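Numbering (full-length UniProt numbering), first residue to last: 1 to 115. One structure is given here, and the rest of the page talks about it.
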Amino acid sequence: MLRHVVRRWSTATHTFICSWGKFTPTLEDVANISRLPVCGDRSPFDIALTPEEINTLAVLQKGTPTSPSTSLQFSNWIQYFGDANRRGPWWLAAFISLWLGRFVLCDFSQDCLHE
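Here it is as structure tokens:
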């Protein structure tokens, strides 16, 4: 997903260009999104997930194909998470991932999800 955000960077205005217009994230935005402290030397690769976050990640990964040759697609996720029997607290995380990838970051690369 980071690749699609970087594609929208304008070097002329030093802003991101999105469907709603130009915007520049602040340091506070980045700190809130990444859950990293503004000061310090904490690495994003050493963040320990809570048990709840680990469970949510495991559920979200169940919507992915099991074959390495199969690409990760929004349509697969919609079929998996659209099932009324699979609704749960993680359903919102799946919806937000879909919404961000499709409508906010406007990724139209043949139905693919990007990890």
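Note that the Cβ used here is the ideal one computed from N, Cα and C, for glycine as well. Source: prediction; values computed, not measured.
The secondary-structure analysis by DSSP pairs S97 with nothing; it has no beta-bridge partner.
Comparing C-alpha distances from C39 to each of T50, A48, L27 shows the shortest one belongs to L27. Within the same chain, Cβ atoms closer than 6 Å to the Cβ of S10 are found at I17, the five residues on either side in sequence being excluded.
Assignment of I33 by DSSP, reduced to helix, strand and coil, places it in the helix class. A distance below 8 Å separates the beta carbons of F23 and T15.
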